[in-house]
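Working notes, beginning with the structure itself.
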Amino acid sequence: MSVTIRQITSRKDFKRFAEFPNRLYKGCPWYVPQLTSDVVNALDPAKNPAYEFCEAAIFLAYRDDEIVGRIAAILNHRANEYWNHNEVRFGWIDFIDDREVSAALIGAVEKFAREKGADSLAGPLGFTDFDPEGMVVEGFDQISTFTLHFNYPYYMEHLEAMGFGKVVDWLEYKVFIPKETPEKILRIAEYVEQRCNVRVRKITKRELKRENLGRKVFELINRTYINLFDFTVLTDKMIDAYIKSYFPFLDMKLVTLIEDAEGKLIGCGISMPSITRALQKAKGHLLPFGWYHILKSLFWKHEDSVELLLIAVEPEYANKGLNSLLFRDLIPIYNQYGFKYAETNAELEYNNQVRAPWELFEADQNKRRRVYGKKL
């Protein structure tokens, strides 16, 4: 039977879209489900403030009334203007191993792009960098982190057969946590502290709210990442949404801030206990017991790994060793929590500044993910 592509707009269909991968990857030990509610809210214009500067078309592929694929086409006006290009992104792409299905999905995105006057496609990308990005091309025997998305090896074969090529790669690392903070890190941290006149600050959630530090963190992220691949500067509404979504679940012991002599925020490191196994148990749902598994991993009985969500440093302090202050603070805490290793977020392969610190540790570059592109 032929493949039918349907554009969807209702939350009921968004839920079907969100839950399709749970069936596709059933039994796969490396797949980590996203929470269905998170995906639905990301797609819903009434819930996602990215629609202030984005247009999107969300598609499901059907065969015999059975869902066999999904994809989102996204026109990010803000990113296109900043990066001076005219592309449509595709994200949340999943499909069975059938060339007719993948071709139909990409065909729907191409049609949307041409209607919008775009001249190229790129993906997987989301509305912003806080959505899952990149397609796994190495590390298919490694469990995904909760912020990113796993895919089968055949995905890249399908895209390459349709004329897509590499745009950029991200690397991911498994960093083994030493029992003691390396002497070199201690020396660098002490030197940086004195030479740059900076200090580490730990905060409570009360201080976070009272001093509006969540907003200051995201403003720092905007300044730090502004020139990295296809970054979208976050608006005030988006910052408010992310503060509401992420900060209530943070363990503040795993959040480290760096301030200058005047108390200005110039660096931060945010990590959290891995919840990958908890999300697998929850199967994408908070109810009836998904919330229990997630809270247990976050606060009560930690998994073996901690996820390094982000490190941001004020551009004028780049390459001055501020990361050493973060490591000096966090390594003892990681050991106290019983973490054996840390999983990095995806890091651009050419961003040596971000990747260089892992040379101080025993670390494996265990995954690679890619953005594919194509001219129309």
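Under our numbering, the residues of the sequence shown are numbered 1 to 376, in order. C-beta: ideal position from N, C-alpha, C; glycine also.
As assigned by DSSP and simplified to three states, the class of residue i
{"i": "Ile331", "result": "helix"}
{"i": "Leu376", "result": "coil"}
{"i": "Ala73", "result": "strand"}
{"i": "Asn227", "result": "coil"}
{"i": "Leu322", "result": "coil"}
{"i": "Thr276", "result": "helix"}
{"i": "Gly400", "result": "It is not possible to answer for residue 400, since the shown part of the chain is limited to 1 through 376."}
{"i": "Glu19", "result": "helix"}
{"i": "Leu254", "result": "helix"}
{"i": "Ile294", "result": "helix"}
{"i": "Ile143", "result": "coil"}
{"i": "Tyr31", "result": "coil"}
{"i": "Ser245", "result": "helix"}
{"i": "Ser37", "result": "helix"}
{"i": "Ala46", "result": "coil"}
{"i": "Val377", "result": "An answer regarding residue 377 cannot be provided, because it is not within the stretch 1 to 376 covered by the chain."}
{"i": "Glu52", "result": "helix"}
{"i": "Leu310", "result": "strand"}
Under 7 Å between C-beta atoms of residue i and residue j
{"i": "Glu349", "j": "Asp169", "result": "yes"}
{"i": "Ala46", "j": "Ile5", "result": "no"}
{"i": "Leu330", "j": "Thr276", "result": "no"}
{"i": "Ser297", "j": "Ala278", "result": "yes"}
{"i": "Phe140", "j": "Pro153", "result": "yes"}
{"i": "Glu55", "j": "Thr36", "result": "no"}
{"i": "Glu172", "j": "Ala363", "result": "no"}
{"i": "Glu81", "j": "Ser120", "result": "no"}
{"i": "Val32", "j": "Arg370", "result": "no"}
{"i": "Val109", "j": "Val3", "result": "no"}
{"i": "Phe218", "j": "Tyr225", "result": "no"}
{"i": "Arg368", "j": "Ile185", "result": "no"}
{"i": "Ser324", "j": "Val192", "result": "yes"}
Distance between beta carbons of residue j and residue i, contact taken as under 8 Å
{"i": "Glu307", "j": "Thr128", "result": "That pair is no contact at about 19 Å."}
{"i": "Ser274", "j": "Glu303", "result": "5 Å"}
{"i": "Thr43", "j": "Phe14", "result": "It is worth fixing the name first, because residue 43 is Leu in this sequence and not Thr. Indeed, because the Cβ distance is near 5 Å, the residues count as touching under 8 Å."}
{"i": "Val68", "j": "Phe95", "result": "7 Å"}
{"i": "Leu105", "j": "Tyr372", "result": "So it is not a contact: roughly 13 Å between Cβ atoms."}
Test: residue i CB closer than 7 Å to a CB of chain B
{"i": "Tyr246", "result": "In the structure shown, chain B does not exist; there is a single protein chain."}
Which residues DSSP lists as bridging residue i, in chain order
{"i": "Lys367", "result": "Glu172"}
{"i": "Tyr25", "result": "DSSP, once it has assigned bridges, lists no residue as partnering Tyr25."}
{"i": "Phe59", "result": "Gln7, Ile71"}
{"i": "Tyr341", "result": "Phe176, Ser305"}
At which residue ranges does the region 150-216 contain complete beta strand (DSSP E) runs of 3 or more residues, listed in the order of the chain? List check, beta strand (DSSP E) in window: 165-176, 199-201.
Kindly provide the ranges of any beta strand (DSSP E) runs that are 3 or more residues long and lie completely inside the region 75-129, ordered along the chain. 87-95, 120-123
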